[in-house]
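Read through the structure below, which is laid out as C-alpha cells, and then see the notes.
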Amino acid sequence: MTPTFTVPVSLDERSYEITIRTGLLEKLGRELKQRAVKGKVAVVTDRQVARHYLRTVSETIKKHGIEPVPIILAPGERSKTLKTVESVLDILARHRFERSSMLLAVGGGVVGDIAGFSASIYQRGIPYIQVPTTLVAQVDSSVGGKTGVDHRLGKNLIGSFYQPRAVWIDPLVLRTLPRREWVAGLAEVIKYGIIADKSFFSYLHRHVPDLLKQVPKVVTTVVKRSCELKAEVVSTDERESDRRRILNYGHTIGHALEALGGYHSLVHGEAVGIGLVQEADLASFQGLCSHEVVEDIRCIVKNVGLTDRMPRWAPSKVWQAMLHDKKVTGGQVIGVWPSRIGEVRIAPLAKPIFDQWYAASHPR
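First residue of the sequence shown: 148, per the numbering used here; consecutive thereafter.
Set out below in C-alpha cells:
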C-alpha cells in the first residue's frame with residue numbers, strides 16, 4: 148500500500164492538513180467527493196502543467212460527478228499581475244461560481260499565488276486547495292497562505308494572507324519538472340536546514356547525489372521534512388509578525404536579484420540560492436557568524452548545481468531593489484542572518500554596512 152503522510156498546519160479555525168502521497172493526483176476526484184464538493188470546480192493551472200496533467204485532473208474530477216472549469220495561465224513570474232487575476236475573476240463570474248464553490252491551484256508557486264489571491268477576493272473569499280507541482284511549491288509556497296502578485300517596483304507587493312482548505316502533494320509529478328526547475332527548488336529545501344534544523348542540513352549534504360537523481364525515498368523525505376518545518380513556523384506566526392520572518396532567509400538579496408533581472412534572467416530558486424550564500428557572507432562580515440558557516444552553505448549550494456555568485460549589478464541598484472521588498476519595515480531593510488547552521492537571527496541592515504560589504508566582497 149502506498150504510504151500517506153500528513154502534516155498539520157495548526158491555525159485554530161483556519162487549520163488544515165498537508166497530505167503527501169504518491170499517485171495522489173489521479174485521485175483528486177475522490178478526495179473532492181470525500182469533502183462533499185459538488186457542482187463546478189475551477190482548475191487554475193498554466194500551459195506547461197496543463198500539457199502534462201490537465202487531462203488527468205479533469206478526468207478524475209468528472210469521474211466523481213464534478214464539472215472541471217479549466218483556467219489556463221501563461222507560465223512564469225511575469226504572469227503574476229493584477230491583469231492575470233482579473234482574467235481569473237472574469238472566468239469565475241462568467242461561470243457563476245458561488246461563495247461555496249471550490250478552486251484548485253494545480254501548478255507551481257506562480258499558479259498558487261494567483262489562484263489563492265483570486266480565491267481570497269472573489270465574493271470576499273471562496274475555498275481553494277493547493278495542488279503544487281514544483282519542488283518550490285511543494286516545500287514552500289503552497290503552505291502558509293501567502294497569496295499575491297508582483298508590482299513593477301517589487302515582488303509580491305500586492306496580496307493577502309488566505310489559507311487553503313488543504314494542500315495535496317504528489318511527489319510523482321516532480322518527475323516532469325525541467326532540470327533547471329528541480330535544481331532551483333533545492334535552494335528552498337537547503338534554506339530549511341540553515342534556519343531551523345542542523346540534522347536536516349547534514350542529511351541534505353549526505354544525499355546530494357540522491358537529490359540530483361531524484362531518488363523517490365529521498366525526495367519524499369525532503370518534501371515531508373520541509374513541510375513540517377514550514378508548518379511549525381507558520382503555526383506560531385501566521386502573518387509574519389515575528390518568527391515567520393526567518394523563512395525570508397536568502398530572499399532579501401534573492402528577491403532584489405529577481406526584480407533587477409526582470410523576473411526572467413533568474414528563476415526564483417536560483418536567486419534564492421545566491422541569496423543564501425551572499426546573506427551568510429554579509430552576516431559573517433557583520434561578525435554574526437563564522438566564515439566556516441558561510442563555506443558550509445556555499446559548498447552545498449554549489450554541489451547541487453546552483454551558483455553562489457552575484458550578477459554584476461551596481462550596489463546602489465541592489466540596495467534600491469531591496470528597499471522595495473515587502474520585508475522593509477520603517478524604511479529599514481530587515482535581514483535574516485545565520486548564527487550557525489540551524490539557527491538564525493533577525494536584524495536590520497544599514498546601508499553603510501551593505502556598501503562596505505559589497506565593496507570588500509565584490510571588487511570591480
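Built from N, CA and C at the ideal position, the CB exists for glycine as well.
Asked                                                                                                                                        : Found
Per DSSP, what are the beta-bridge partners of R487 in this structure?                                                                       : E490
Measuring alpha carbon to alpha carbon, tell me which residue in G482, D389, T192 and S486 is nearest K227.                                  : T192
Can you check whether the CB of H438 is closer than 8 Å to the CB of G422?                                                                   : no
Quick one: what does DSSP say K449 is sitting in, helix, strand or coil?                                                                     : helix
If you draw a straight line from the alpha carbon of R392 to that of G489, how long is it in whole angstroms?                                : 15 Å
Tell me the DSSP bridge mates of Q270?                                                                                                       : In DSSP, Q270 forms no bridge with anything.
What span of residues does the beta strand (DSSP E) with P217 cover, start to end?                                                           : E214 to L220
Considering only their Cβ atoms, is the gap separating E375 from V156 smaller than 8 Å?                                                      : no
If you reduce the DSSP assignment to three classes, tell me which class Q479 lands in.                                                       : strand
Taking three-plus beta-carbon pairs below 8 Å as touching, is the stretch 310-321 in contact with the stretch 275-291?                       : yes
With 8 Å set as the bound, which would you pick, yes or no: does the beta-carbon of T280 sit closer than that to a beta-carbon of chain C?   : The displayed structure is made up of one protein chain only, and chain C is not part of it.
Round the Cβ separation of K338 and V419 to the nearest angstrom and send it over; I've been treating them as touching at under 8 Å.         : 7 Å
Determine the extent of the beta strand (DSSP E) in which W315 is found, giving its start and end residues.                                  : A313 to I316
Please report the distance separating the alpha-carbon of K473 from that of K210.                                                            : 43 Å
Which class does R391 belong to by DSSP, given the choice of helix, strand or coil?                                                          : helix
Just verifying my parser: in three-state terms, what is the DSSP assignment at V190?                                                         : strand
The beta strand (DSSP E) with V296 in it runs from where to where?                                                                           : K293 to H298
Which two residues bound the contiguous alpha helix (DSSP H) that contains L367?                                                             : Per the sequence shown, the amino acid found at residue 367 is Thr instead of Leu. Start and end: P363 to T383.
For A240, is the classification buried or exposed, using 16 other Cβ atoms within 10 angstroms of its Cβ as the cut-off for buried?          : exposed
If I'm right that V424 touches V448 with Cβ under 8 Å, what's the distance once you round it to whole angstroms?                             : 5 Å
Should L172 and D384 be called a contact, given that it needs their Cβ atoms to be closer than 8 Å?                                          : no
Cα-Cα, which of L359, A262 and P325 is closest to L220?                                                                                      : A262
Would you mind stating whether I238 and I218 have Cβ atoms separated by less than 8 Å?                                                       : yes
Any chance the stretch 281-297 sits against the stretch 253-267, with 3 or more Cβ pairs inside 8 Å?                                         : yes
Consult DSSP for M469 and reduce its assignment to one of helix, strand or coil.                                                             : helix
Who does V116 pair with in a DSSP beta bridge?                                                                                               : Here the chain covers residues 148 to 511 and nothing more, so residue 116 does not appear.
Report the CB separation of P215 from V184 in whole angstroms; it is logged as a contact under 8 Å.                                          : The pair is not a contact, with the Cβ atoms about 11 Å apart (cut-off 8 Å).
What do you reckon, are the CB atoms on V414 and A427 nearer than 8 Å?                                                                       : no
Mark D389 as exposed unless 16 or more other C-beta atoms lie within 10 angstroms of its C-beta, in which case mark it buried.               : exposed
Is the stretch 267-277 close to the stretch 357-368, with three or more CB pairs under 8 Å?                                                  : no
Between H352, P363, L435 and A334, which has its C-alpha nearest L394's C-alpha?                                                             : A334
Beta-carbon within less than 7 Å of F348's beta-carbon, same chain only, minus the 5 sequence neighbours each way: which residues are those? : G340, I341, I488 and G489
Does the distance from the C-beta atom of V480 to that of L470 stay below 8 Å?                                                               : yes
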